[in-house]
Every structure is written in C-alpha cells, then in structure tokens.
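Participant: Take this structure first; my questions come after.
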Amino acid sequence: MMDSQPSLPSSSSSPPSPPPSSPPRGRGGGEGGGGKRGAAASSPPINFLGRHRMAAAISQLHHQIDVIKEELEQLETLGESSIACRELFSSVESIPDPLLPTTQGPVDMSWERWFRGAHESKSHKRWI
C-alpha cells in the first residue's frame with residue numbers, strides 16, 4: 001500500500017537541527033544535560049517558566065480590570081449615596097450615646113484621680 005502523505009527527501013538519518021539563530025529549547029540549555037553549552041554559553045537560555053508566570057499575572061490583571069469595570073457599571077445604576085448618608089448621619093447624631101456622660105465635668109471626683117497626671121512627682125505617671 002502506498003501512503004497518501006508526500007514523501008520527504010531523506011538526506012541523512014538524523015533529525016534536522018534548528019536554525020543557528022534559534023536558542024536551545026528546554027530548561028537545561030545544552031544537549032544531553034552534560035553541562036556543556038558551547039555557543040549557548042554567551043546567551044542565557046529562555047526561561048519559559050518566567051514567561052508563563054508573566055502571562056498568568058497579566059491575565060489575572062485583565063480579569064481584575066474586568067471585575068472593576070463591572071462594579072463601576074453597577075455603581076452607576078445605583079442612586080445617590082449622599083442622601084442615604086445624610087439620613088444616617090442625622091439619625092445617629094440625634095440619638096445620644098449611652099456610654100458618654102451627659103453632664104459637663106466629672107460626676108465623682110474620686111474617679112477623676114485616675115485620669116489626672118501626678119503633681120510634683122516625676123516617678124508617678126498616669127494610670128490610663
């Protein structure tokens with residue numbers, strides 16, 4: 001039977017070598033992993049792992065940009081937030097805080113000693 005694929009001229013039994021301008025492939029940079037680089041010693045091998053990481057980082061940034069654009073579009077459809085903020089501020093401002101005293105000054109002078117600094121003494125410091 002004849003193959004339907006065209007036959008290639010066979011000038012030698014070894015596979016064709018890459019053109020001299022292309023850098024060596026793989027992580028080792030040399031043939032056989034023996035550590036000899038020959039002509040490739042002057043130029044470092046291409047770091048495909050670094051390229052993959054850069055491409056992944058760029059795609060992640062593009063994804064984040066798309067998410068932010070979607071959020072901005074959603075914010076444009078919402079009403080003004082300043083009206084809601086004014087209403088919240090006025091309601092919070094009108095209700096007195098139960099933890100703060102309503103009187104001016106200390107209610108009990110014995111409590112005030114904890115918040116005063118010590119007079120005429122450098123070794124005594126404030127408790128709080």
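Residue numbers (the UniProt record's numbering): 1 to 128. In this text, a Cβ means the ideal position worked out from N, Cα and C, and glycines have one as well.
(1) Nearest-angstrom Cα distance between H62 and C85?
(2) According to DSSP, is S43 helix, strand or coil?
(3) Quick check: what's the CA-CA separation for W111 versus D97?
Facilitator: Looking at the coordinates:
(1) Here residue 62 refers to the residue found at position 62 of the sequence shown. Here residue 85 refers to the residue found at position 85 of the sequence shown. The alpha-carbon atoms of H62 and C85 are separated by roughly 33 Å.
(2) Position 43 of the sequence shown, counted from the start, is the residue given in the question as residue 43. Reduced to three states, the DSSP call for S43 is coil.
(3) Translated into the one-based positions of the sequence shown, residue 111 becomes position 111. Translated into the one-based positions of the sequence shown, residue 97 becomes position 97. Near 20 Å, if we compare the C-alpha coordinates of D97 and W111.
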